[in-house]
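The sequence shown: position 301 = 344 (the numbering used here), numbered continuously.
C-beta: ideal position from N, C-alpha, C; glycine also.
Have a look at the structure below before the remarks.
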Amino acid sequence: MKTQVKYIKKTHVIFACMMFTLASIVVSCKKYDSLGFTPGTGKPTISSVHTWSKTDTTVYYDTITSIDASGNITKTPVARNNKIVPFDSVTTAGNLGNYYIIYGSNLGSTTAITFNGNNAYFNRALLTDNSIVVQIPSKTPYLPPLANDSLVVTTLYGKAYYKFTILAPPPTPSAYSNFDFYAGSQITLNGVGFSTVTSVALTQTNGGTANVSIVSQNDSVMVLQFPSTTINRGNLTFTYNSGGATQTLTDKQELVDLDNAYQIFTDDFQNAWSDGSWASPSGKSTNAFKTGTASFIATFPAGGWKIEGFANWWPSLPYDASYNYLVFWVKGGTVSHTLNLETNTSSVGYGQNSVNPIVVPPNVWTYFKIPLNTINFWKPGTTLQQLGFFLKGQSGDVDETYYFDDVVLVK
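Printed below as a string of structure tokens:
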């Protein structure tokens with residue numbers, strides 16, 4: 044009886060092992076069935092690549108309807124553009140970050156997809172034996188020697204190769220060394236996509252252009268030199284090559300031509316302006332500067348209530364509604380401070396007034412381009428004679444030194 048019991052138990056163990064193996068096969072089959080297809084076991088092929096979508100730049104209008112507490116109905120049109128819409132088109136080139144569909148055969152067991160050797164993410168839920176939806180990674184190389192126009196799909200049964208070009212991104216500045224320029228000055232741009240740029244122009248908002256010289260360029264850095272222009276304010280327009288086609292793109296950052304602005308201080312006092320500060324030292328300094336060789340130094344004694352800045356008692360500047368901006372660079376002190384812009388033409392007059400506050404970070408050059416219609420700056424019918432920066436000192440402050448450069452009014 045003991046032997047028989049042992050035999051039965053051994054039989055149970057063998058049966059359990061057989062059932063486990065069978066269950067594993069069933070589970071494996073169900074895994075494939077859950078995809079809705081059984082992956083092919085032949086060598087994979089790629090027949091074509093298609094676009095997934097495109098950006099529709101057409102402006103559409105939605106109507107927003109609102110009802111107030113009294114039951115009054117207001118309908119407001121709201122513009123919508125740059126919509127992403129479906130778009131199926133065969134392509135042999137793709138943009139970073141965009142989705143594409145790879146068509147072919149025996150693709151169901153795909154384990155990896157690479158563009159120019161860079162692994163791309165794909166979702167198996169969007170995969171069939173004849174198609175794969177994939178996104179080109181943003182870090183994919185698009186310049187030689189790493190860019191070899193190679194799309195590779197790897198499956199359990201082999202690899203498929205396809206010639207596919209990664210398009211360089213459009214020129215996209217992420218940082219400007221300056222937002223002001225003058226004839227002969229240079230500005231350095233940092234960003235991506237500069238290697239394909241063939242020319243650059245400065246385009247004025249209300250018309251007029253000027254060609255800008257490219258001093259040097261690689262894909263991430265471009266140095267530009269500016270000519271003499273008649274433009275007050277303008278944006279850079281890049282002409283570049285994308286997949287063999289010539290494209291243009293205008294950057295959103297607006298630049299100011301100092302030569303065509305009303306200058307208060309650039310490398311020195313201009314247009315009869317002079318030092319109007321309450322404390323010293325003040326005036327022209329070569330200790331620090333944003334452009335050129337000098338800036339205006341202003342000192343604020345610890346705990347004091349002082350106004351540092353500029354004066355022009357004659358001929359001064361009569362009110363002119365065509366001026367739109369006050370523009371300047373300022374290098375901050377040891378800590379962040381709030382300065383208040385003061386003018387003799389404001390509604391409160393020139394004095395220790397807490398109006399027109401600006402926050403200046405410490406020890407860095409900060410650019411201010413302030414719309415005059417947003418501050419209490421210049422009443423119609425008045426003549427501008429004083430422009431200052433008031434620091435309301437507090438207990439525990441330390442002596443602060445500020446530097447101002449390229450202080451101008453811009454139309």
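The count of Cβ pairs closer than 8 Å, one atom from the region 308-317 and one from the region 272-288, stays below three, leaving the stretches out of contact.
When secondary structure is reduced to three states using DSSP, Asn284 falls in the strand class. Boundaries of the beta strand (DSSP E) harbouring Asn254: 252-260, taken from the DSSP string. The Cβ atoms of Val92 and Thr135 sit closer than 8 Å to each other. CA-CA distance, Tyr104 to Ala122, rounds to 5 Å. In this structure, DSSP gives Leu301 a helical state, which the three-state scheme calls helix. Look at Leu232 here: in three-state DSSP terms it is strand. Secondary structure at Leu415: helix, using DSSP grouped into helix, strand and coil.
Between the region 97-113 and the region 194-213 there are fewer than three inter-stretch CB-CB distances shorter than 8 Å, so the stretches are not counted as touching. Here Val451 is buried. Its C-beta has 16 or more other C-beta atoms within 10 Å.
Residue state for Thr239 is assigned as helix, using DSSP reduced to three classes.
Ranked by Cα distance from Leu139, the first of Thr171, Val133, Ile179 is Ile179.
Ser365 and Asp300 have their alpha carbons spaced roughly 16 Å apart.
Using a Cβ-Cβ distance cut-off of 8 Å, the region 352-370 and the region 417-431 are in contact, since at least three pairs of beta carbons, one from each stretch, lie closer than that value.
Counting along the chain, the unbroken beta strand (DSSP E) around Ser91 starts and ends at 88-94.
The three-state secondary structure of Ala322, taken from DSSP, is coil.
Sequence-distant partners of Asn125 (beyond 5 residues in either direction) whose C-beta falls short of 7 Å from its own C-beta, in its chain, are Thr98, Thr100.
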